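Our numbering puts the first residue of the sequence shown at -5, with every later residue one more than the last.
For glycine and all other residues, C-beta sits at the position ideal for the given N, C-alpha and C.
Values in this document were obtained by computation on a predicted structure and should not be read as measured data.
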Amino acid sequence: MDLTGKRLFALAAAITVVSLTAPELHAQNPLGLTPAKPAKESQPDPLTLEQIKARIAGLTARSGRISAQLNAALEPAERTHFGRLQDGIDGVQALLQQQETALLAGQGQPPSDHVEEGSTTLEDRSAFALNELLERTWQAKRSNERKTTELETARQALDQAKEVLAKAERERREAKGQLESAGMQASRDQQQAYDLLEIKSLEARERLNLRTLRVRQRKAELESGNGEAPGLEERIAAMRKAIAGDGATQGAHDASLAAAEGQARRRREALERELSTAELRLNAVQARYSKQNEPPAQLIKEVEVLTFDRDAIRQRIVMIDAELIRLKTADDTYTKWQTAIAGEVSRELLHQWRTAASENLDELDQADVRKKGRIADLRDRLDAVTAQMNQLDVEPATRRLLEQQRTALQNQLQAHTDDARSLANHRRLTERYLAELRDLTGIFDPVEYVVGAIGAARDVWRYELTSIDDEPITIGSLCLAILLGAAGIFFSRRISGVVGATAEHRFSLDRGASAALQTIAFYALFVGFTLLALRMVNFPLTAFTVLGGALAIGVGFGSQNVMNNFISGLLLMLERPIRVRDLVEIDGTHGVVEHIGARSTQIRSTDGRQMIVPNSFFLENNVVNWTLSDDLLRGKLTVGVVYGAPTLVVEKLLQQIVAEEPGVLKRPEPVVIFEDFGNDALTFDTYVWVHARSPMEMRRVMSRLRFRVDELFRENGIVIAFPQRDVHLDSLSPIEVRLTRDE
């Protein structure tokens, strides 16, 4: 085919496709998107059943014509192009059929989860009928929540469809513009690309129509559900008023519960027969298993499957028994509920019912958690068995056993699911009953609140935290122990202070001894009050055996220094090598002991600094205690006079000086010693004794003595020597000395 023939064929194909698709495809514009032609105000709704059927019929005819052209196409490229067009038309037809199905399903039919009106009337005045209305309200609320979620999802999908359609229309318009610009020079590829974009745009439009239809239906369903709620609320209020005013219909729930109980008992009897059969089969297989020394894997698997089948039947029987118990509880709940609404019981009894209902609800919550865990476990096991069956190398006999196990698992899963549903229904009944009791007991009554508060406080006070050796430890006993411990610390300080003061004044003990006695008394009293407090909380004192061992290990490995200092402090208090207000010398530093603690000793140095010294230091090192036995201190006054001074006069003057000083003691007598012939002086040492509680007091006395020595020696013409040196020069020739005058 030459170039001119190809162009003519392409033009004819383009005209054919446009003529097939343009008249109807661009006539609809339901969402205000830019159409191929301007939209008219009288344009019909594209989502009516007539419009959808008309578009389906038109596409069916066009699909037939495209199929005819597909069969007449000669070149592979043309066949491929018409095939793509045919696939696109088929996709659009599928979307239209979905629109038709959705429209037919929504016309004149109630929603799939619509709550039937039922037979509950005001003539049936009972808690059972009230619970039915509340259950319908709950179902309607759940349905509305689900519909709201579906509507939001549908709107999101609609927004996405709008974006896809806008993009498809933009691409189609661009291709159309290029095709019109090329005119007769347009290539076959450009024409085919435009044809495909035309079909793509049509498909996007119909997908948008479908999602628009779904949004409309979701909104209609939600509005229908919301319209039912006010009617149910009015009926619930009228039902409560009728029960409270005219009295409840007695036994209104008996027939329903009796029917449910009879059905449960029949199921239990059937399961008991199944259990007998399962046990017989299991016993037969176990007998074969016990006769073989090395049983095959298939026999082991058969024993496992039959054992699970038997246990599953037993569990289902247990679940039916639990359901029967719940039915009896429901019967009691209905009776109490309608009695409470009718106002025929006291508030105290209502509180008792409320407590029991709350405890029952807690048990149901725990049972619900266990049930969900069991269902999840069964699903995992079912998935594992299914995966094992899907393996290709499974033998037929093993596959039959696996199929039997899967069937048992499915039955077990269904039974647990049904039981979970029954448990959930009973839980909702208990929640509504408890809410009713809370409303009835929520009316303010001061006396009742005071009594309730006292009862709650008593319950909290008696709440058991734990027990040791069958002795309970409650919150009250713990608070009492803390109170006694605080009181013990207070009285221990007070009593030990009185003991220390009495020992110091009445028994004439010094301050250091009284402080030591006060510390020991405090620790003894504190230990006694602590043991009393522990006994008040029923804490067994025998537990200190284990505690003492643990404490000894901790002391031995982790508290060596602390315990060393603590024991050293006790030894210091008992032996008293140092006492409070003693003058001590540590590493050349003088200080006064102010406090001897359990771990350390506080010392104030002569220059006012506070020193914290570990107690062990006083036992492990040399410490000078200047005032251990008394406060006598000996001082030494050293003076040197020049050679030639009268030594006896010097001695008499020194004796006179110390005799005149009031701070120097007469006993022991002062001593004057002619110590030495020194290099520069005759040295005299005077030894005196003074009462001094600190080195500063001693230094003051010695200072006054030195002032007096200087004064008295001057008066008597005695010269205090100072260092002198004689220099001898040895030279071979005379040393020339010149005297010059500074100008």
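Skipping 5 residues on each side, what residues in its chain have a beta carbon closer than 6 angstroms to that of residue i?
i	result
Leu626	Trp683
Gly112	With a pLDDT of 44 at Gly112, under the threshold of 50, the modelled position of that residue is not reliable, and the figure given next carries that caveat. Excluding positions up to five away in sequence, the list is empty.
Val158	Ala198
Thr632	Asp679
Asn694	Correcting the residue identity first, residue 694 is Arg in this sequence and not Asn. There are no such residues.
Are the beta-carbon atoms of residue i and residue j separated by less than 8 angstroms?
i	j	result
Gln87	Ser61	no
Leu355	Leu431	no
Arg166	Glu192	yes
Leu423	Ala324	yes
Asp670	Pro717	no
Leu511	Val493	yes
Asn609	Pro571	no
Ile469	Gln332	no
Ala155	Arg205	yes
Gln93	Leu53	no
Arg234	Ile314	no
Ile307	Leu265	yes
Leu321	Ala414	no
Lys630	Tyr681	yes
Phe76	Gln63	yes
Val574	Val587	yes
Val299	Gln404	no
Glu396	Val379	The amino acid occupying residue 396 in the given sequence is Leu; Glu does not appear at that position. Taking 8 angstroms as the Cβ cut-off, Leu396 and Val379 qualify as a contacting pair.
His420	Lys365	no
May I ask you to list the residues that DSSP assigns as paired with residue i?
i	result
Tyr427	DSSP, once it has assigned bridges, lists no residue as partnering Tyr427.
Thr677	Gly634, Asp670
Thr327	Thr327 is not bridged to any residue.
Ser594	Pro608
Val665	Tyr681
Arg628	Trp683
His499	Note: His499 sits in no beta bridge, so no partner.
Thr468	Glu458
Glu730	None, per the DSSP bridge assignment.
Thr585	According to the sequence displayed, residue 585 carries Gly and not Thr. According to DSSP, which records beta bridges pairwise, Gly585 is partnered with Val578, Ser599.
Val618	Glu579
Ile714	Val635
Under the rule that 16 or more other beta-carbon atoms within 10 Å means buried, what is residue i, buried or exposed?
i	result
Asn203	buried
Arg212	buried
His589	exposed
Asn616	exposed
Asp359	exposed
Glu296	buried
Asn277	exposed
Leu43	exposed
Tyr328	buried
Met178	exposed
Thr143	exposed
Glu569	exposed
Arg130	buried
Ser270	exposed
Gln385	exposed
Thr621	buried
Ser471	buried
Asn287	exposed
Gln45	buried
Apart from the five residues on each side of it in sequence, which residues of its chain come closer than 8 angstroms, Cβ to Cβ, to residue i?
i	result
Thr524	Gly479, Gly482
Ser13	With a pLDDT of 42 at Ser13, under the threshold of 50, the modelled position of that residue is not reliable, and the figure given next carries that caveat. Result list for Ser13: empty, nothing under 8 angstroms.
Ordered along the chain, which non-local residues of its own chain (more than five positions away) have a Cβ less than 7 angstroms from that of residue i?
i	result
Pro689	His584, Thr600
Glu35	A caution first: Glu35 carries a pLDDT of 48, below 50, which makes its placement in the model unreliable, though a value can still be read off. So the list is empty, once near-sequence residues are dropped.
Thr115	Residue placement at Thr115 is poorly supported in this model, since its pLDDT is 49, which falls under 50; the coordinates are not used for a value here.
Gln604	Gln596, Arg598
Leu128	Ile230, Arg426
Ala316	none
Val644	Val635, Phe678, Ile712
Ala291	none
Thr392	Gln292, Lys295
Assess, as a yes-or-no matter, whether the stretch 705 to 714 is touched by the stretch 634 to 648 under the definition of 3 or more beta carbon pairs within less than 8 angstroms.
yes
Can we say the stretch 184 to 199 touches the stretch 154 to 174, given the rule of at least three CB pairs closer than 8 angstroms?
yes
For the pair the stretch 285 to 303 and the stretch 267 to 276, tell me if three or more CB-CB distances fall below 8 angstroms.
yes
Taking one C-beta from the stretch 694 to 703 and one from the stretch 646 to 656 each time, how about it: are there three or more such pairs within less than 8 angstroms?
yes
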